[in-house]
Amino acid sequence: GAISAFLLALLLIPVGTVFVTAFRDGDGSFTLGHFGTFFSTGLMRESFGNSLYVATMSVVFASLIAVPLAYVTVRFQFRGALLIQTLGVLPLIMPPFVGAVAMTLIWGRSGSVNLLLDEHLGFTVPFMQGLNGVVFVESLHYFPFILMNLIVALRNIDSAMEEAALNLGCRGWRLFRRVVFPLALPGYLAGAALVFIKVFDDLGTPLVLGQTNMLAPQAYLRITQVGLEDPMGYVISVIMIAFSILALWLSVRVMKGRDFTTVQKGAGGLSRRRLSAGESIAAYAGIVLVLLVVLSPHLGLLILSFAQIWSFAPLPDAWTLQHYASVFADSTFMIRNTLLYCGLAALIDVAIGVTIAYLILRTRLPGRQWLDFAESAAIAVPGIVLAIGYLRTFQGVQVGGVPITQTWILIMIAYAVRRLPYALRSCMAALQQINVSLEEAAEMLGASGWRTVRRIVIPLMAGGILAGFVSSFITAAVELSATILLVVKESQAPMSYGIYLHMQSVAGRGPGAALGVLAVVLVALGTYLSHRVVERAQMAHAPARAAGGT
1 GAISAFLLAL
11 LLIPVGTVFV
21 TAFRDGDGSF
31 TLGHFGTFFS
41 TGLMRESFGN
51 SLYVATMSVV
61 FASLIAVPLA
71 YVTVRFQFRG
81 ALLIQTLGVL
91 PLIMPPFVGA
101 VAMTLIWGRS
111 GSVNLLLDEH
121 LGFTVPFMQG
131 LNGVVFVESL
141 HYFPFILMNL
151 IVALRNIDSA
161 MEEAALNLGC
171 RGWRLFRRVV
181 FPLALPGYLA
191 GAALVFIKVF
201 DDLGTPLVLG
211 QTNMLAPQAY
221 LRITQVGLED
231 PMGYVISVIM
241 IAFSILALWL
251 SVRVMKGRDF
261 TTVQKGAGGL
271 SRRRLSAGES
281 IAAYAGIVLV
291 LLVVLSPHLG
301 LLILSFAQIW
311 SFAPLPDAWT
321 LQHYASVFAD
331 STFMIRNTLL
341 YCGLAALIDV
351 AIGVTIAYLI
361 LRTRLPGRQW
371 LDFAESAAIA
381 VPGIVLAIGY
391 LRTFQGVQVG
401 GVPITQTWIL
411 IMIAYAVRRL
421 PYALRSCMAA
431 LQQINVSLEE
441 AAEMLGASGW
451 RTVRRIVIPL
461 MAGGILAGFV
471 SSFITAAVEL
481 SATILLVVKE
491 SQAPMSYGIY
501 LHMQSVAGRG
511 PGAALGVLAV
521 VLVALGTYLS
531 HRVVERAQMA
541 HAPARAAGGT
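In terms of our numbering, the sequence shown has 432 at position 432, counting the first letter as 1, and numbering is strictly consecutive.
If you want it as C-alpha cells, here you go:
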C-alpha cells in the first residue's frame, strides 16, 4: 500500500495531471483544440519533425557504429576484444550535453578536425552544423545501448545455426544478413528503442548547441517563458510520452509471432574465427578509428578543462589549472548537492526496488504485477514532462511554510522516480538468483519472516542492491531535463545544472569542462567500485547459493 501510494502520488498523478491539462479547455471542459493549435502552428510542426528526424537518424548512425563493433568483437578472435567492448561503453558515463561544446571545438566548423582538413586537403565537413550536430553528438553518446544489447544477443546464438548455414553455402554478408542478425534482432531492437527514446526526450544537447526548434526545448521554453498555464507545454509533453511508448511498443510488435529461440541457447555463441595478419591490421585500424571518434567528447572535455585559450586552432594556445581551482573554490556546493540528491534518491530506489522484487517473486498478493508495470512506466516519461507535472501538481503544497516547488525536495524525488526502474531490475535479478530453499531452511529453524529477510535475503542480495544503488546514483548525477526546471536558485544546483550554466558563455566553458571532468570521474569511479564490490559479493555468497541449489 505504501509503495502504491508512492507511485500514485509521485508518478501517476503528476503525469496524469499533464494529460488532463493538455485535454482541458479554459472552462474545464474536454477539448482537442490544443492539439489542433499545435499542428496548425508552423514552429510546432517544425519542432515535431525535427525531433523525429534527430531521433531516427541517431538510431541509424548509432547502429552503424554499434553493429560492426559488436559483430567483430564477438565473431573474431583477436587480442583486446574485451577492452574494446569496455571502451565502447564509456560514452554512457558522460551526458551528451557535457561533451557537446567540446565536440564543437573538435568537430565544429572551426574545430580541430576541420582546421586540419582545410589546411592539408583544402575542404571541410559540416559535422556539427544544425540538427546534424545534434545527431552526431547523440549518436556517439547513446550507441552503447545497442552495443551492449547486441553483444549479449550475439553471444546467445547457438553456433550450430551458423554451421548449418555454412554447410549450405551461406557465407559472408549473406550469412550475417540472413542468419546471424535475424537471430540477434531482439537485442538490437531493445537497444534501438532505448536510443530513440533517450534522443527524442533529450533537452540538454539541443539547448547547448542552440537548436531550440525541437519538442523538448520547446516544452521547456513554453513553461519557463509563458508559464504553467500555457497548454502548449502540456500538449508537447503528451506527444513526447506517446512517442516514447510507441517506440517501446514497436520494438515488441516487430518481434511478435517470430521465434528467435535456439536449441542450445548460449552454447558457446558464434564460432570465433581467427583473423589473418592483414585482416587483423584492417580490423584494428577500423576499431581504433571508431574509438577515437567515439571517445573524442571525453578527450575534448579534458583538453578544454586545461585550456586557457582555445579558438581557431587545433589545440589550445595556452594551458592552465585555474579552471579546477575555480571549481573547487566556487562550486563545491554543487558537488555536495549532487551527492545529497543522488544519494537519497538511490537509497529510496533500492528500498522500493527490494520491496517490489520481494512482493513479486516471493508472495502471491493479488495485483502485485501492477507495481512492476507502474514503476516501469517511468522509463517512458521524459524528465522534463515529470518536472512539469510536479510543478503543476504540487504548486500549492508547502513544507514548513515554504512552497515545495521552491525546495530541493522535488529535485531529489524526481531523480528517485526517474531512476527507479534501474534499481528494480538489479534487485529482481539478484533475488531471482537466490534459491527459496535458503529462506525455507531459516523459517524451519524458527526465524520469523522479517528476520529471514534481514539475515538471509538482503545479505545475499547485497551485490544486486549495490548495483541498483550505483545505477540510480550515476544516472541521476547527470540528469538535466528535470533538473533545469526544478532548480529555482543557484544554491540548489547540482553538478549537471552547474555544467549547463557554465557552458552558456565562452568565459565559463573552462570551469564548466572542469566540472564535467569531475562528474565523469565521479560516475566512472562509482561504476568501477560497484563492479568490484559486486564481484566480491558474488564470490562470498557462491557457497551459500550452491548449497541452496543442492
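The C-beta atom is built at its ideal place from N, Cα and C for all residues, glycine as well. Given the structure is predicted, the values throughout are model-derived calculations rather than measurements.
For Q308, the enclosing beta strand (DSSP E) starts and ends at 307-309. Excluding residues up to 5 positions away in sequence, nothing lies with its Cβ nearer than 6 Å to the Cβ of S4 in the same chain. The beta carbon of L32 lies closer than 8 Å to those of F23 in the same chain, with the five residues before and after it left out. Taking a contact as a CB-CB distance under 8 Å, the pair S472 and A423 counts as one, their CB atoms being some 5 Å apart. As summarised for the segment 135-202, the continuous alpha helix (DSSP H) elements at least 4 residues long and confined to that stretch are 159-167, 172-175, 185-201, given in chain order. C-alpha of I360 to C-alpha of R418: approximately 21 Å in a straight line.
Contact between A66 and I146 holds: their C-beta atoms lie close to 4 Å from each other, under 8 Å. Across the structure, L299 and G172 are spaced so that their CA atoms are roughly 36 Å apart. Assignment of A318 by DSSP, reduced to helix, strand and coil, places it in the strand class.
The straight-line gap separating the alpha-carbon atoms of I456 and L431 is approximately 11 Å. Straight through space, the alpha carbons of A429 and A462 are spaced by roughly 12 Å.
Under the DSSP assignment, W107 falls in the alpha helix (DSSP H) whose first and last residues are 96-107. For the pair Q369 and V252, the Cα-to-Cα distance works out to about 19 Å. With 16 or more other Cβ atoms from the protein chains shown falling within 10 Å of its own Cβ, P494 counts as buried. Inter-residue distance for Q395 and I404 is about 7 Å (C-alpha atoms, whole angstroms).
In the three-state DSSP reduction, R79 falls in the coil class, being neither helix nor strand.
Of the candidates T224, R155, R222, L43, R155 places its Cα closest to the Cα of F76. Excluding its 5 nearest sequence neighbours in each direction, L117 has C-beta neighbours in its own chain below 7 Å: F123, T124, V125, listed in chain order.
Counting C-beta pairs with one atom in each stretch, the segment 363-377 and the segment 7-15 have three or more that are closer than 8 Å, which means they touch. Under the three-pair Cβ rule at 8 Å, the segment 467-484 counts as touching the segment 326-346.
About 28 Å separates the CB atoms of A100 and L189; that is not less than 8 Å, and the two are not in contact. Taking a cut-off of 8 Å on C-beta distances, the segment 210-227 touches the segment 38-53, as three or more cross pairs fall below it.
In the three-state reduction of the DSSP assignment, V487 falls in the coil class, being assigned neither a helical nor a strand state. Pairwise C-beta distances place the segment 349-356 out of contact with the segment 482-498, as fewer than three of them are shorter than 8 Å. Here DSSP, grouped into helix, strand and coil, assigns P217 to helix.
Residue burial annotation: M334 is buried, with at least 16 other C-beta atoms found within 10 angstroms of its C-beta. In the DSSP assignment, R362 falls within the unbroken alpha helix (DSSP H) covering 332-362. With a threshold of 16 other beta carbon atoms within 10 Å, G187 meets it and is buried.
Judged by DSSP secondary structure, P231 falls within the alpha helix (DSSP H) whose first and last residues are 231-253.
By the Cβ-count criterion, S29 is exposed, with fewer than 16 other Cβ atoms from all chains shown falling within 10 Å of its own Cβ. A buried status is given to N114, since no fewer than 16 other beta-carbon atoms sit within 10 Å of its beta-carbon. For P91, no alpha helix (DSSP H) segment is defined, and its DSSP state is neither H nor E.
In the same chain as Y497, and ignoring 5 residues on each side of it, the C-beta atoms closer than 6 Å to its own belong to T483, V487, in chain order. A straight line joining the alpha-carbon of I93 with that of N435 spans about 34 Å. Contact check for V74 and I151: beta-carbon distance about 6 Å, within the 8 Å limit, so the pair qualifies. Straight through space, the alpha carbons of F176 and P182 are spaced by roughly 8 Å.
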